[in-house]
Structure formats: C-alpha cells, structure tokens
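Peer 1: In the working numbering, the protein residues as written are 3 to 444. Beta carbons: idealized from backbone N, C-alpha and C, even for Gly. Quick one: the structure is below, questions incoming.
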Ligand code: S3P
C-alpha cells in the first residue's frame with residue numbers, strides 16, 4: 003500500500019504569506035463515514051478528508067456492506083445499512099495507519115452479530131487494542147484471536163448486546179466512541195463517564211442523526227454521556243470543517259518564519275480541540291480569529307497568524323486531551339521560544355502512531371535543540387533558534403514528519419525526514435499547500 007520511502011527536505015526561504023485551507027478534520031471525517039454507515043439511507047458528506055486514514059476506513063465499511071461513493075471533490079455519499087446491519091466481511095479489514103478508524107469500527111462491529119478480522123500496518127499493529135476490547139467484551143463481543151491485545155485480531159460481535167456503564171481508564175475519545183458505537187445496538191442506556199473531557203464529535207454526530215444522547219458535567223473537568231440504544235439513525239448532511247490538528251503545521255510555520263503573515267480558512271474551533279491555540283497565545287503568538295461562525299454543527303474561524311517572538315511556558319497535563327495530537331509541532335515552536343517550555347502529563351503520546359514522546363525529543367535533538375524527557379513530561383530548552391541539519395526518523399508517523407518539516411523551514415540548516423509518505427494519512431497536499439505559502443520543500 004505504501005510505496006518506497008520518500009525523503010523530504012525543508013529549508014529556509016522567504017516569509018510565508020497568503021491564504022490556505024487545510025483538509026477536512028480527520029476525526030469528523032472518520033465518524034461521518036462510520037456513523038453514516040449506521041444510518042438508514044443516504045448521508046451526504048462535503049469537505050471530507052481524502053487522506054489514507056479516511057480512505058482505508060471507507061474501504062473497511064464497504065467490506066462490511068455499506069455503500070460508499072465519491073461523488074465529487076471531497077464530496078461523498080454513504081448508503082447506510084442501519085444500526086446492527088453490518089454484513090460479515092469476506093476478508094480481513096485493513097485500516098492501514100488509522101487508529102481512529104480501527105477502534106471506532108471495532109465498536110460498531112461489536113454490536114453486530116458478525117465476526118470480523120481487523121488489521122493494519124506495522125505502526126497500527128504495535129498499538130494497544132486491549133483498552134478498547136475491555137468495554138466491548140462487557141457489552142457482549144468476544145475476542146477470538148489476538149496476539150497480546152494487538153492487531154491482527156478477530157472480533158465476534160454480540161448476539162445480545164448489553165448496555166454498560168464505563169469509565170475509561172485513560173482520557174481517550176476513541177475509547178469513549180467505540181463504547182458508544184457498540185452501545186447503539188444495546189437496549190437501554192449505555193453510559194460513558196470521563197473524568198477529563200475529550201473531543202465530543204461522536205456525541206454531537208449521534209445527536210445530529212437523531213439519537214438520544216445526554217451530556218452532563220462530571221466532576222471538575224469531566225462528562226457523563228448517556229446514550230439510549232437501538233435508535234433509528236436518520237441521515238442528514240455533514241459539512242466537515244478544516245482540521246485544527248492539520249492547521250497547526252502551517253500555523254506554527256508562520257509563527258516561526260520571519261516576516262510571515264498567513265490566513266488559514268474555516269478552521270474548526272471546537273473548545274475540546276483548542277489547547278494548542280490557547281497555549282501558543284500564552285506563549286505570545288499573534289493569532290487572530292477572523293469571521294467567527296458556525297458551520298456544520300461546529301464553531302469555525304479564519305485564523306490570521308503572524309511571525310513574532312515566543313516565550314517558554316509550562317503547559318499543564320490537564321490540557322493534554324484538548325491538544326493531544328499537537329505536541330510534536332508545539333515542541334518545535336518551543337525550540338524557537340525564549341526560555342524553557344515544560345509540557346506535562348504526556349504518557350498517552352507513547353502509544354500514538356509512534357512513541358511520540360521519544361520521537362519528538364529525538365527530532366529536536368538531532369537538530370541541535372536541547373530536550374529532556376522526565377517521567378511523562380517533555381522539556382524543551384528554547385533558544386529562539388535551531389541549528390537544523392539533522393535527518394529525522396519519522397517511524398511511520400505523519401505528525402512527526404510534518405513537525406520536522408516545520409522545524410526545517412525555520413532552522414539555520416535544512417532538515418530532512420527519512421519518509422514523507424505517511425503525511426498523506428491526515429494531510430494530503432501538505433507539500434503543495436506549504437509551497438503555495440512560499441515554503442521550500444523538496
Ligand atoms: C482521536 C482521538 C485521539 C487522537 C486521534 C484522534 C479521535 O486519540 O490522538 O488522532 O478521533 O477520537 P485517543 O482517543 O486515543 O486519545
């Protein structure tokens with residue numbers, strides 16, 4: 003599926019200027035595909051992310067019997083089979099690099115009377131699935147084969163799904179979503195209690211399709227989500243906003259490259275995804291929200307970003323769920339700040355597409371930036387500059403690849419990555435978009 007490694011080099015050039023729109027949100031695109039497949043009828047999706055993670059999820063859903071067609075650029079039509087309506091797939095489902103696609107589909111399959119084998123690439127095969135299987139087994143699914151709670155694994159869906167009350171042991175929107183999707187097939191109320199709120203796209207989209215979902219505050223920072231099972235989900239169109247986690251790359255590049263002034267269009271401003279912008283503003287970044295509006299059920303804005311001085315700060319661990327995917331590029335911003343930035347509570351980064359805590363520290367060090375890992379904290383010693391000149395190992399991780407390219411645009415010497423292929427999992431067209439703003443990537 004992935005051809006040979008394609009190295010990529012970023013080097014300093016003039017300022018970044020102009021306007022751009024990054025691709026559709028990965029979390030929402032994958033949910034639109036999976037939830038659309040669980041409605042009865044046709045769901046139109048516009049602004050879909052056409053990256054590998056979404057495409058692999060779409061293929062898996064087709065193998066489960068849903069009709070999925072591309073009707074135009076970023077326009078997709080999903081013919082749903084209804085809650086519990088998936089058919090037994092003829093072959094293993096291959097999710098490629100997509101943890102979200104795989105874990106959410108595990109949840110959806112757990113509520114159907116079918117058996118399916120889930121697989122993925124070497125990165126996905128190394129990631130923990132046991133945490134998702136635990137609630138799904140309580141609902142009534144059975145894990146038939148799995149090496150050590152990892153892929154490839156075979157799941158037998160529940161014949162009589164049971165509603166459960168589940169408190170995820172780690173803050174994870176994937177875990178919450180998998181449980182809710184399995185709970186769709188159960189009679190009565192499935193409850194997920196999260197002590198730290200995570201991205202709420204699944205809850206919002208379920209409500210959008212007519213499910214009865216109640217969201218209440220829980221403790222100081224958590225939520226209690228109650229879903230009434232066995233709804234008939236009714237298709238309604240979905241407009242996918244631009245992905246704030248993808249916007250983070252051109253955004254940080256514009257903050258760091260002298261003279262830059264960039265506008266990023268239609269970026270989702272969901273507060274549960276807002277930790278990165280809040281943190282950068284605290285560091286002194288000039289980020290203006292223009293044309294704040296509501297689109298497709300989410301707050302969106304155009305972001306104007308200008309280069310300016312940053313200062314090191316302490317980023318509390320409680321903020322991690324709202325910016326979990328943004329730490330690699332935040333660490334790059336921290337390298338160019340004045341003073342030390344301490345990012346606390348990053349344990350979950352160790353089980354992303356790569357061990358992102360180690361990979362982020364390594365990407366900085368190989369480019370002359372001092373970084374330490376202490377326990378689960380990442381500490382970056384900002385010196386307002388980076389030497390660059392390093393070759394970064396990306397470990398099949400799109401965000402490590404893009405963070406390294408952003409570093410190379412601002413460092414004294416060029417930065418190379420061993421492989422740019424995986425960028426296409428979440429940000430197809432990254433190189434072209436960055437070049438359009440004036441970046442030198444080759
Ligand atoms: C996602 C949740 C996060 C995030 C991932 C997308 C989602 O993972 O890292 O890129 O769409 O639910 P966890 O739920 O494991 O933290």
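Indicate, with yes or no, if the ligand S3P has a heavy atom lying under 7 Å from the CB of residue 62.
Peer 2: Against the chain shown, residue 62 aligns to sequence position 60. No; taking the cut-off as 7 Å, the Cβ of residue 62 has no heavy atom of the ligand S3P nearer than that.
Peer 1: I'd like to check one pair, residue 62 with residue 20: are the Cβ atoms closer than 8 Å?
Peer 2: Counted from its first residue, the chain shown places residue 20 at position 18. Counted from its first residue, the chain shown places residue 62 at position 60. Contact: no.
Peer 1: Within the same chain, show all residues whose beta-carbon is closer than 6 Å to that of residue 310, passing over the 5 residues directly before and after it, in chain order.
Peer 2: The residue given as residue 310 occupies position 308 in the chain shown. Only 288 meet the Cβ criterion.
Peer 1: Just the Cα atoms here: how many angstroms apart are residue 212 and residue 44?
Peer 2: Locating residue 212 in the chain shown gives position 210, where the first residue counts as 1. Locating residue 44 in the chain shown gives position 42, where the first residue counts as 1. In a straight line, the C-alpha of residue 212 is about 14 Å away from that of residue 44.
Peer 1: Residue 3 by DSSP, collapsed to three states: which one?
Peer 2: The count along the chain shown starts at 1 and reaches residue 3 at position 1. The pLDDT assigned to residue 3 is 45, lower than 50, so where the model puts this residue is not dependable; a value taken from the coordinates is nonetheless given after this. Coil at residue 3, not helix or strand.
Peer 1: Please give the ranges of any alpha helix (DSSP H) in the segment 350-424, keeping only runs that are unbroken, at least 4 residues long and fully inside the region.
Peer 2: With a minimum length of 4 residues, the continuous alpha helix (DSSP H) runs that stay inside the segment 350-424 are 358-367, 400-412.
Peer 1: The alpha helix (DSSP H) spanning residue 22 covers which residue range?
Peer 2: Along the chain shown, one-based indexing puts residue 22 at 20. First-last for residue 22: 19-22, but that is the beta strand (DSSP E), not the alpha helix (DSSP H).
Peer 1: Provide the residue span of the beta strand (DSSP E) that contains residue 121, from first to last.
Peer 2: For this step, residue 121 is matched to residue 119 along the chain shown. Where residue 121 is concerned, the enclosing beta strand (DSSP E) stretches over 117-121.
Peer 1: For residue 88, does the three-state DSSP call read helix, strand or coil?
Peer 2: Residue 88 sits at position 86 when you count from the first residue of the chain shown. If DSSP states are grouped into helix, strand and coil, residue 88 belongs with coil.
Peer 1: For residue 278, collect the residues of the same chain with a Cβ closer than 6 Å to its Cβ; drop the 5 residues on either side in sequence, then sort them by chain order.
Peer 2: As a position in the chain shown, residue 278 is number 276, starting the count at 1. Only 250, 325, 328 meet the Cβ criterion.
Peer 1: Just how far apart, CA to CA, sit residue 160 and residue 112?
Peer 2: As a working note, residue 160 is residue 158 in the chain shown. As a working note, residue 112 is residue 110 in the chain shown. Going by the C-alpha atoms only, they are around 6 Å apart.
Peer 1: Within the continuous beta strand (DSSP E) that includes residue 228, where are the two ends?
Peer 2: Sequence index remark: in the chain shown, residue 228 carries index 226 (1-based). Per DSSP, residue 228 belongs to the beta strand (DSSP E) from 224-230.
Peer 1: Classify residue 129: buried if its beta carbon has 16 or more other beta carbons within 10 angstroms, exposed otherwise.
Peer 2: Taking the first residue of the chain shown as position 1, residue 129 is located at position 127. Counting Cβ neighbours within 10 Å, residue 129 comes out buried, since at least 16 surround it.
Peer 1: Which same chain residues end up closer than 6 Å to residue 123 when comparing Cβ atoms and leaving out the 5 residues on each side of it in sequence?
Peer 2: Numbered from 1 along the chain shown, position 121 holds the residue referred to as residue 123. Cβ within range, chain order: 98, 99.
Peer 1: Using 7 Å as the cut-off, classify the Cβ of residue 100 as near or not near the heavy atoms of the ligand SAM, replying yes or no.
Peer 2: What this structure holds is the ligand S3P, not the ligand SAM.
Peer 1: Applying the criterion that 16 or more other CB atoms from any shown protein chain within 10 Å of the CB defines a buried residue, is residue 283 buried or exposed?
Peer 2: For the purposes of this step, residue 283 is taken as the residue at position 281 of the chain shown. Per the 10 Å Cβ criterion, exposed.
Peer 1: Suppose you measure from the CA of residue 358 to the CA of residue 400; what does that come to, to the nearest Å?
Peer 2: By one-based count along the chain shown, residue 358 stands at place 356. By one-based count along the chain shown, residue 400 stands at place 398. So the alpha carbons of these two residues sit roughly 11 Å apart.
Peer 1: What did DSSP end up calling residue 241 once you bin it into helix, strand or coil?
Peer 2: Residue mapping note: residue 241 aligns to position 239 of the chain shown, counting from 1. Strand, per DSSP.
Peer 1: In the DSSP output, which residue or residues are listed as bridge partners for residue 219?
Peer 2: Residue mapping note: residue 219 aligns to position 217 of the chain shown, counting from 1. For residue 219, which the question treats as bridged, DSSP gives the partners 225.
Peer 1: Residue 202: buried (16+ other C-beta within 10 angstroms of its C-beta) or exposed?
Peer 2: As a first step, residue 202 must be located in the chain shown, where it is residue number 200. The residue in question, residue 202, is buried, as its Cβ has 16 or more Cβ neighbours within 10 Å.
Peer 1: Does the beta carbon of residue 200 fall short of 7 Å from some heavy atom of the ligand S3P?
Peer 2: The residue given as residue 200 occupies position 198 in the chain shown. Correct: residue 200 has its Cβ closer than 7 Å to the ligand S3P.
Peer 1: Please name the residue in 255, 295, 406 whose C-alpha comes closest to that of residue 268.
Peer 2: Position 266 of the chain shown holds residue 268. Cα-wise, what sits closest to residue 268 is 295.
Peer 1: Using a threshold of 7 Å, is the CB atom of residue 378 nearer than that to any non-hydrogen atom of the ligand S3P?
Peer 2: The count along the chain shown starts at 1 and reaches residue 378 at position 376. Not under cutoff, so the answer is no.
Peer 1: For the ligand S3P, is there a heavy atom less than 7 Å away from the beta-carbon of residue 1?
Peer 2: Residue 1 cannot be examined here, being either before or after the span of the chain that is shown, 3 to 444.
Peer 1: Taking the beta carbon of residue 176 as the centre, do at least 16 other beta carbons fall within 10 Å, making it buried, or is it exposed?
Peer 2: Position 174 of the chain shown holds residue 176. Label assigned to residue 176: buried.
Peer 1: With a threshold of 8 Å, are at least 3 pairs of Cβ atoms found where one atom belongs to the segment 168-184 and the other to the segment 147-158?
Peer 2: No: fewer than three Cβ pairs fall under 8 Å.
Peer 1: Hey, would you say residue 333 sits closer than 8 Å to residue 314, going by beta carbons?
Peer 2: Locating residue 333 in the chain shown gives position 331, counting from the first residue. Locating residue 314 in the chain shown gives position 312, counting from the first residue. Taking 8 Å as the Cβ cut-off, residue 333 and residue 314 do not qualify as a contacting pair.
Peer 1: Buried or exposed for residue 2, please, with buried defined as at least 16 other CB atoms from any protein chain shown within 10 angstroms of its CB.
Peer 2: Nothing in the structure corresponds to residue 2, since the chain is present only between 3 and 444.
Peer 1: Please report how far the alpha carbon of residue 25 lies from the alpha carbon of residue 409, in whole angstroms.
Peer 2: For the purposes of this step, residue 25 is taken as the residue at position 23 of the chain shown. For the purposes of this step, residue 409 is taken as the residue at position 407 of the chain shown. Residue 25 and residue 409: Cα-Cα distance of roughly 21 Å.
Peer 1: Which runs of the beta strand (DSSP E) spanning at least 3 residues fall entirely within the segment 5-81, listed in chain order?
Peer 2: Qualifying beta strand (DSSP E) stretches, in chain order: 10-13, 19-22, 42-48, 69-74.
Peer 1: By a C-beta neighbour count over all protein chains shown, 10 Å radius and 16 as the cutoff for buried, is residue 243 buried or exposed?
Peer 2: Translated into positions along the chain shown, residue 243 becomes position 241. Buried, because 16 or more other Cβ atoms sit within 10 Å of the Cβ of residue 243.
Peer 1: For the alpha helix (DSSP H) that residue 205 lies in, which residues bound it at each end?
Peer 2: Position 203 of the chain shown holds residue 205. From DSSP, the alpha helix (DSSP H) with residue 205 extends over 203-210.
Peer 1: Using only CA atoms, which one of 228, 331, 252 lies nearest to residue 264?
Peer 2: Residue numbering aside, residue 264 sits at position 262 when the chain shown is read from its first letter. Comparing Cα-Cα distances from residue 264 to each of 228, 331, 252, the minimum goes to 252.
Peer 1: If distances are taken between C-alpha atoms only, which option among 397, 110, 144, 30 comes closest to residue 85?
Peer 2: The residue you call residue 85 lines up with position 83 of the chain shown. When each option's Cα is compared against that of residue 85, the closest is 110.
Peer 1: Three or more C-beta pairs closer than 8 Å, one from the segment 299-307 and one from the segment 36-43: is that the case here?
Peer 2: Result no; under three Cβ-Cβ pairs closer than 8 Å.
Peer 1: Use the C-beta contact count for residue 162: other C-beta atoms within 10 angstroms, 16 or more gives buried, fewer gives exposed.
Peer 2: As a first step, residue 162 is located in the chain shown; it is residue number 160 there, counting from the start. Exposed is the call here.
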